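Visitor:
Residue numbers (full-length UniProt numbering), protein chains in the order written: chain A, 1 to 528; chain B, 1 to 276.
As structure tokens, this is what we get:
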């Protein structure tokens, strides 16, 4: 049987400034009919570029040096743009990472699905509409009829991703490229999407290229797995064996970086002194308006405490109010209820004085957004030092010390944020938080946008900093395996309520809330 | 600064824009010495004299040399237009950013006031202000700045709203930074790029507004050779001697193009992400 997709010695350069940058080097791979090939690797290893090369949608500065890309018996590289339009969607489908930007916000969902079907299946509008209804019903969306009349902003991310998957499968392509389709979704939603993927695949027998940096996930969906490093395929083996017996060093590195709940990284016990106590904190976003019922609060009367030096994990699906807690504690959102910090009552954001703001620091999720692009790393770090007076003596020496503390060279002080990688930016953001010598650092999903190996090094850094400074962490995440490695206690949130607050060794116990059990079950079993 | 200039010269738009601006600056600085004739010397035998060796750009209805008038007039046209734009831009950018930062009721109050001001046509507003403040170039400049500020505030606010949602602004808020630090140091540098471009486009509008005010007798007064005034005066002779109107119009157009090109160049040069 001939392969659905076959690449032979494919090499690609990007022309950047002075010299060309090799992005893909001599890639040779085949995907057989009905097969799912998983593609894993660190960010920057060329996974997504490979996907775009297959879709024939490369940036202007891309130069293909050699090799061929064949879909069945069609040579994709030699096709003119007009022919390619007919291939895309019809013979190769694609599902993107971020469902929120993959749909046009100005058209109803139904119209977009229908038009795709009209274009790619040659159906009439009526038939396409009926087929769309059927497809959406098939991916377990409730009430597809009503859903199709809605606009993308009126439905959730999980629903959007279901719609995109349904559309991609509905066009009956030979191959579907999935570019990290569950990364932007929370654990439970992601797990359901994966079940859906497995079912649709079994039904249609379509071949797929599944790109992800989540090894556990790939080993669940793929038949074979290919590992990429710096534009080269370094290992290719059946999914069942590759992570259990990794042959190449890169694969071993990736496997080693996967967080395992049984492998605890924190062994000490926190002190008994309560550092911060939240009492019935509820966060409400919109202003009260005339003639309209007030919207439901983002969190409802949440109460918990954090002890000095403790790591408290907050987990839950997206929209459960995890980040709202972080926003309330830092004064970014109005809240009712009270906070006690070091025994001092804080009733609202107005009560947060310099001492509180110095002691409670936050690190945000997206390192790109959290550093001002018009300030150098040195300026960014100097600000908290000046503001809190935590290192007035010699500013540049202090900045150097901070950078070294987060394992970055002191010379980085003169760099701009855009010259750093995602992991390095996150280190600078962490350094900025620690510049204030805080006693509590709130980490709001700080590892979510990073790939496994970078994530592991950031966690290692956080734990080292904790050992140095004794800071407590409020660690918000949806990565259950990760939080089980480091947290002393875990708070489980659902729809704005705190459903469980457990010591780490009790999460598998019988008396936990059913939702906690679901959440633990939905997190993928680590590979290897 | 030299670095910015170097980066500016590397883009074709920036280089051409700078070149044109250099010509204009030379006219502003050395115009009276470069001018071949006295700009106000009338010559009744040379009325409507076409382009030629005697008058390179022709002569106007009083036989005055058009080129000399342009060179001398640059001085009363460009600095005023620039100053008015600068003043309006700075005021508008600060108000817009502050409004986006404050948000809520403050934002509402500031923006509705601006809407009310913008409801009055720009020229009418400028006329109103000049007639209140009194005639003269200085007052015309203030009037134009006030006319420009609301539009700039709107443009800036739109950009500043997205910037305000960024985590680095939140981070500064959490740190307990003052409002002025957040507005001037965290937000303004990140909204400057579109504001600078908008401003460079507005320089040409400022030239035209000055011209209109002068035409109405509220800005520069005849026999001054302000460019807009020259266009206004030459209107009625457009069939007899088109060059009298074309020359100052081209000068204004060149100013507009120069600033637009500079704006494009600046946008690229001011972006630290641009590694060229």
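We put the beta carbon where it would ideally sit given N, CA and C, even for glycine. All values derive from a computational prediction rather than experimental measurement.
Using the beta-carbon of each residue, which ones in chain B are nearer than 9 Å to residue 371 (chain A)?
Guide: On the first chain, position 371 is the one that residue 371 (chain A) refers to. 167, 168, 171, listed in chain order.
Visitor: Between residue 275 (chain B) and the rest of its own chain, which residues show a CB-CB distance below 7 Å, the 5 nearest in sequence each way excluded?
Guide: Taking the first residue of the second chain as position 1, residue 275 (chain B) is located at position 275. With a pLDDT of only 48 at residue 275 (chain B), under the threshold of 50, the placement of this residue in the model should not be trusted; the figure read from the coordinates follows. Taken in chain order, the list of residues that qualify is empty.
Visitor: Quick one, are the C-beta atoms of residue 280 (chain A) and residue 343 (chain A) less than 8 Å apart?
Guide: Translated into the one-based positions of the first chain, residue 280 (chain A) becomes position 280. Translated into the one-based positions of the first chain, residue 343 (chain A) becomes position 343. Not closer than 8 Å, so no.
Visitor: Under the rule that 16 or more other beta-carbon atoms within 10 Å means buried, what is residue 229 (chain A), buried or exposed?
Guide: The sequence position of residue 229 (chain A) within the first chain is 229, counting from 1. Residue 229 (chain A) should be labelled buried.
Visitor: For the region 351 to 364 of chain A, which residues have a beta carbon sitting closer than 7 Å to at least one beta carbon of chain B?
Guide: Answer in chain order: 354, 357, 362, 364.
Visitor: Consider the Cβ of residue 366 (chain A): report whether some Cβ of chain B lies at a distance smaller than 8 Å.
Guide: One-based indexing of the first chain puts residue 366 (chain A) at position 366. Cβ-Cβ to chain B under 8 Å: yes for residue 366 (chain A).
Visitor: Would residue 414 (chain A) count as contacting chain B if we go by Cβ distances under 8 Å?
Guide: As a working note, residue 414 (chain A) is residue 414 in the first chain. It does not: the Cβ of residue 414 (chain A) has no partner Cβ on chain B nearer than 8 Å.
Visitor: Since residue 175 (chain B) meets chain A, which of its residues come closer than 9 Å, beta carbon to beta carbon?
Guide: Residue mapping note: residue 175 (chain B) aligns to position 175 of the second chain, counting from 1. What residue 175 (chain B) touches in chain A: 357, 358, 361, 383, 384, 387, 388, 432, 436.
Visitor: Would you say residue 469 (chain A) reaches chain B, if we count a Cβ-Cβ gap shorter than 8 Å as a contact?
Guide: Translated into the one-based positions of the first chain, residue 469 (chain A) becomes position 469. Closer than 8 Å: no.
Visitor: Here's the rule I'm using: 16 or more other beta-carbon atoms within 10 Å means buried, otherwise exposed. How should residue 451 (chain A) be labelled?
Guide: For the purposes of this step, residue 451 (chain A) is taken as residue 451 along the first chain, with counting starting at 1. When all chains shown are included, residue 451 (chain A) counts as buried.
Visitor: Using DSSP with H/G/I as helix, E/B as strand and the rest coil, what is residue 175 (chain A)?
Guide: Mapped onto the first chain, residue 175 (chain A) falls at position 175. Residue 175 (chain A): strand per DSSP, three-state reduction.
Visitor: Quick one: what's got a C-beta closer than 8 Å to residue 364 (chain A)'s C-beta in the same chain, skipping five residues either side?
Guide: As a working note, residue 364 (chain A) is residue 364 in the first chain. Excluding positions up to five away in sequence, the list reads 370, 429, 444, 446.
Visitor: Does DSSP put residue 190 (chain B) in a helix, in a strand, or in coil?
Guide: To locate residue 190 (chain B), count along the second chain from 1; it is residue 190. Helix.
Visitor: Counting only Cβ pairs nearer than 9 Å, list the residues of chain B close to residue 331 (chain A).
Guide: Counting from one through the first chain, the residue named residue 331 (chain A) turns up at place 331. Correct list: 173, 174, 176.
Visitor: What residue range is occupied by the uninterrupted alpha helix (DSSP H) comprising residue 512 (chain A)?
Guide: Counting from 1 along the first chain, the entry for residue 512 (chain A) is found at position 512. Note, residue 512 (chain A): premise wrong, no alpha helix (DSSP H); not H, not E.
Visitor: For residue 38 (chain A), write down the residues that DSSP places opposite it in a beta bridge.
Guide: Here residue 38 (chain A) is taken as the residue at index 38 of the first chain, counted from 1. Looking at the DSSP assignment, residue 38 (chain A) forms a beta bridge with A:210, A:225.
Visitor: Between the alpha carbons of residue 376 (chain A) and residue 464 (chain A), how many angstroms are there, rounded?
Guide: Residue numbering aside, residue 376 (chain A) sits at position 376 when the first chain is read from its first letter. Residue numbering aside, residue 464 (chain A) sits at position 464 when the first chain is read from its first letter. Straight-line Cα distance between these residues: approximately 25 Å.
Visitor: Mind checking the region 123 to 138 of chain B against chain A and listing, in chain order, the residues whose C-beta falls within less than 9 Å of any C-beta there?
Guide: Under the 9 Å Cβ criterion, the region 123 to 138 of chain B contributes no residue.
Visitor: Within its chain, find whatever has a CB closer than 6 Å to the CB of residue 499 (chain A); leave out the 5 residues flanking it on each side and keep chain order.
Guide: Here residue 499 (chain A) corresponds to residue number 499 of the first chain, with the count starting at 1. Within the same chain, residue 499 (chain A) has close Cβ partners 492, 513, 515.
Visitor: For the region 244 to 262 of chain B and the region 193 to 211 of chain B, state whether three or more C-beta atom pairs, one from each stretch, are separated by less than 8 Å.
Guide: Counting Cβ pairs under 8 Å, three or more are found: they touch.
Visitor: Hey, residue 155 (chain B) and residue 163 (chain B) are a contact pair by Cβ (cut 8 Å); roughly how many whole angstroms apart?
Guide: The residue given as residue 155 (chain B) occupies position 155 in the second chain. The residue given as residue 163 (chain B) occupies position 163 in the second chain. Actually they are not in contact, since the Cβ atoms of residue 155 (chain B) and residue 163 (chain B) sit about 13 Å apart, beyond 8 Å.
Visitor: If we require 4 or more residues per run, which alpha helix (DSSP H) segments fall completely within the region 107 to 141 of chain B?
Guide: List check, alpha helix (DSSP H) in window: 122 to 133.
Visitor: Could you pull the start and end residues of the beta strand (DSSP E) that residue 504 (chain A) belongs to?
Guide: On the first chain, residue 504 (chain A) is found 504 positions in, with the first residue counted as 1. Here residue 504 (chain A) belongs to no beta strand (DSSP E), and DSSP marks it neither H nor E.
Visitor: Taking only beta carbons into account, state which residues of the region 322 to 348 of chain A come closer than 8 Å to chain B, listed in chain order.
Guide: Against chain B - using a Cβ distance shorter than 8 Å - the residues of the region 322 to 348 of chain A are 330, 331, 332.
Visitor: Compare the beta carbon distance of residue 96 (chain B) and residue 145 (chain B) with 8 Å and say whether it is the shorter of the two.
Guide: Taking the first residue of the second chain as position 1, residue 96 (chain B) is located at position 96. Taking the first residue of the second chain as position 1, residue 145 (chain B) is located at position 145. Contact flag unset, no.
Visitor: So, residue 58 (chain B) versus residue 64 (chain B), is the Cβ gap smaller than 8 Å?
Guide: For the purposes of this step, residue 58 (chain B) is identified with residue 58 of the second chain, where counting begins at 1. For the purposes of this step, residue 64 (chain B) is identified with residue 64 of the second chain, where counting begins at 1. No, the pair does not count as a contact, with Cβ atoms beyond the cut-off.
Visitor: Looking at the structure shown, is residue 61 (chain A) part of a helix, part of a strand, or coil, going by DSSP?
Guide: The sequence position of residue 61 (chain A) within the first chain is 61, counting from 1. Coil.
Visitor: Given residue 323 (chain A), which residues of its chain have a CB within under 7 Å of its CB, disregarding the five upstream and five downstream residues?
Guide: Taking the first residue of the first chain as 1, we reach residue 323 (chain A) at position 323. 444, 476.
Visitor: Given a cut-off of 8 Å, decide if residue 97 (chain A) and residue 184 (chain A) are closer than it, judged by their beta-carbon atoms.
Guide: One-based indexing of the first chain puts residue 184 (chain A) at position 184. One-based indexing of the first chain puts residue 97 (chain A) at position 97. The answer is yes: Cβ separation under 8 Å.
Visitor: Of the choices A:49, A:204, A:385, A:138, whose alpha-carbon is the least far from that of residue 59 (chain A)?
Guide: If you number the first chain from 1, residue 59 (chain A) lands on position 59. With distances taken between Cα atoms, residue 59 (chain A) lies closest to A:49.
Visitor: Give the DSSP-derived three-state secondary structure of residue 275 (chain B) in the structure shown.
Guide: The count along the second chain starts at 1 and reaches residue 275 (chain B) at position 275. At residue 275 (chain B) the pLDDT is 48, less than 50, meaning the model places this residue with poor confidence; the figure from the coordinates comes in the next sentence. If DSSP states are grouped into helix, strand and coil, residue 275 (chain B) belongs with coil.
Visitor: Output needed for residue 525 (chain A): all residues of its chain with C-beta closer than 8 Å, excluding positions within five of it in sequence on either side, in chain order.
Guide: Along the first chain, one-based indexing puts residue 525 (chain A) at 525. 216.
Visitor: Rounded to whole angstroms, what is the Cα-Cα separation between residue 194 (chain A) and residue 214 (chain A)?
Guide: Position 194 of the first chain, counting from 1, holds the residue named residue 194 (chain A). Position 214 of the first chain, counting from 1, holds the residue named residue 214 (chain A). Their backbone Cα atoms lie some 13 Å apart in a straight line.
Visitor: So which residues on chain B does residue 427 (chain A) lean against when the C-beta distance must stay under 8 Å?
Guide: Here residue 427 (chain A) refers to the residue found at position 427 when the first chain is read from its first residue. Those do not exist, as residue 427 (chain A) stays about 15 Å from chain B at its closest Cβ, beyond 8 Å.
Visitor: Between the region 133 to 147 of chain B and the region 111 to 125 of chain B, can you find at least three pairs of beta-carbon atoms closer than 8 Å?
Guide: Touching, yes.
Visitor: Cβ atoms of residue 315 (chain A) and residue 490 (chain A): under 8 Å apart, would you say?
Guide: Looking up residue 490 (chain A) in the first chain gives position 490. Looking up residue 315 (chain A) in the first chain gives position 315. Result yes, Cβ atoms of residue 490 (chain A) and residue 315 (chain A) sit closer than 8 Å.
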